[in-house]
Structure formats: structure tokens, C-alpha cells
Amino acid sequence: MAIRKIITTTDPLLRTKSAPVERVDADLQRLVDDMLETMYAAPGIGLAAIQVGVPRRLLVADVGGEEDERQPHILINPEILWTSDETHVYNEGCLSIPEHYAEVERPARCRIAYLDRAGEPAEIEADGLLATCLQHEIDHLDGRLFIDYLSKLRRDMIIRKVAKAERETVVI
């Protein structure tokens, strides 16, 4: 396992729509392991493959607290089947947009079809933070970021701040 570099909003790859995973093999298993290690080390509660520079429809998530036993969710080729009319607002952040948070309104519950780590078809019905996290990560797979739910002015300000922070931390 290895911790991979997480790309930021200044990288145009992050706006790429991810391609479906065609086969669950040893390479994909290594990617899953690397993504879990990267997510836990960051620390974060979700990570899409595109965030580590791999434009494939794969995400990992674990919304348990640090004291809780790890219970990772691995979703390959996730597809949202249903969302509730009821919504919740969470103060979202993103590993690809470090140190920036904003309130985003999303459906409170969702049902998602996906392939599990073994490549078997599965479904999950999620609510609360897990529903928000999974929708956030699926947005990544479609080239969307949580800042896309904000006003253009606020979104542009955040992107400028991330770019400035990156310029200031360049190692020579």
C-alpha cells in the first residue's frame, strides 16, 4: 500500500468525467488499498479515484469517527438509483480543496447500485453524513466539485486562494 498524491482543484484532471471500471483485478485492488491508506492519512471520510489522478469510477468512504472501528465502503461504478425529496445541509470540505468549507444542500437519503470490492453487484441505502459523502464522491466521478454548488463569486475566490497557497508552497 502507498499514500498517493491528492490533486487539487487547480488540476484540470479533477474536472474529467471518470470512465467505468472494466474489470476488478489485482491492479484495482492495489488502487483501492492505496486510496484507503491515502484517505485515512489525509485524514478524510471519502476519496474518489480521480482525486489521486486515476479517472475511473471508483470511490472509498468511511464516515466512522477516529475512535470507531474502520468500516470502509468501496463502490465501483456507483450509480445513484434514488434520492429523497428531503434535504440536509452539511458544511462540506474536500481533500482536493484544502482548508475550505461551505454549506451544501443535498438529498438526505439515497440508494446507490455499485460493484463491491469482489466485483459483485450490490446496493446501499444511505442517509445523513454517509449519503452526503457518497453523493459528494460520485460528483467527483462526474467532474463536479462541492464548490460548484456555490455562487460563481465564492467559487472563484476559493479557487484563487487554493492556487495562491500552492504557489506559496512550491519547493525550490
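Start counting at 1 in the sequence shown, then tack on 621, and there's your number in this note's numbering.
Don't be surprised by glycine CBs; every beta carbon is placed ideally from N, CA and C.
On a predicted model such as this, the values are computed, not experimentally measured, just so you know.
I'd like to know if the stretch 727-739 and the stretch 685-701 are in contact, where contact means that at least 3 CB-CB pairs between them fall below 8 Å. Short answer: they touch.
Member of Leu657, Ile666, Ile628, Arg677 whose CA lies at the smallest distance from the CA of Leu762: The count along the sequence shown starts at 1 and reaches residue 762 at position 141. When C-alpha distances from Leu762 are compared across Leu657, Ile666, Ile628, Arg677, the shortest belongs to Arg677.
Where Ala752 falls, given that 16 or more other Cβ within 10 Å makes a residue buried: As a first step, residue 752 must be located in the sequence shown, where it is residue number 131. By the neighbour-count rule (16 or more Cβ atoms within 10 Å), Ala752 is buried.
Arg691 beta carbon near the ligand GDP (any heavy atom closer than 7 Å): No copy of the ligand GDP occurs in the structure displayed, which carries no ligand at all.
Strand pairing of Glu700, partner residues [DSSP]: As a first step, residue 700 must be located in the sequence shown, where it is residue number 79. Glu700 pairs with Ala734.
Could you have a look at Leu634 and say whether DSSP puts it in helix, strand or coil? Position 13 of the sequence shown, counting from 1, holds the residue named residue 634. The answer is helix: DSSP assigns Leu634 an H, G or I state.
Secondary structure of Leu652, DSSP reduced to three states: To locate residue 652, count along the sequence shown from 1; it is residue 31. Looking at Leu652 - three-state DSSP - the assignment turns out to be helix.
From Arg727 to Gln650, what distance separates their C-alpha atoms? Walking along the sequence shown from the start, residue 727 turns up at place 106. Walking along the sequence shown from the start, residue 650 turns up at place 29. Approximately 30 Å between the Cα atoms of the pair.
Using a Cβ-Cβ cut-off of 8 Å (strictly less than) and excluding sequence neighbours within five positions of Ile718, which residues of its own chain qualify? For this step, residue 718 is matched to residue 97 along the sequence shown. These residues qualify, in order along the chain: Thr629, Thr630, Leu766, Phe767, Ile768, Ile779, Val783.
Beta-carbon contacts of Lys638 that lie in its chain and below 6 Å, excluding the five residues immediately before and after: Start at 1 with the first residue of the sequence shown, and residue 638 comes out as number 17. Cβ neighbours of Lys638 beyond the five flanking positions: Asp763, Gly764.
Which residues in the same chain have their Cβ closer than 6 Å to the Cβ of Asp760, if we skip the five residues on either side of it in sequence? Reading the sequence shown from its first residue, position 139 is the one you call residue 760. Cβ neighbours of Asp760 beyond the five flanking positions: none.
Cβ pair Leu635, Glu758 closer than 8 Å: As a position in the sequence shown, residue 635 is number 14, starting the count at 1. As a position in the sequence shown, residue 758 is number 137, starting the count at 1. The Cβ-Cβ distance between Leu635 and Glu758 does not fall below 8 Å.
Pick from Pro633, Ile624, His721, Gly665: whose alpha carbon is nearest that of Cys754? Here residue 754 refers to the residue found at position 133 of the sequence shown. Checked all of Pro633, Ile624, His721, Gly665; the closest Cα to Cys754 is Gly665.
Quick one, which of Ala743, Arg776, Arg730, Gly667 has its alpha-carbon nearest Ser705's? Here residue 705 is taken as the residue at index 84 of the sequence shown, counted from 1. That would be Arg730, whose Cα lies nearest to the Cα of Ser705.
Please confirm whether Ile627 and Ala663 have their CB atoms less than 8 Å apart. Taking the sequence shown and counting its residues from 1, the one referred to as residue 627 is at position 6. Taking the sequence shown and counting its residues from 1, the one referred to as residue 663 is at position 42. It is a contact, given that the beta carbons lie within the stated cut-off.
Collapsed DSSP secondary structure at Ile624 in the structure displayed: Here the question's residue 624 lines up with position 3 in the sequence shown. DSSP places Ile624 outside both helix and strand once states are collapsed to three, so it counts as coil.
Own chain partners of Thr790 with C-beta closer than 7 Å, once the 5 adjacent residues on each side are dropped: The residue you call residue 790 lines up with position 169 of the sequence shown. Around Thr790: no qualifying Cβ.
Going by DSSP, name the residue or residues bridged to Asp748. Position 127 of the sequence shown holds residue 748. Looking at the DSSP assignment, Asp748 forms a beta bridge with Arg730.
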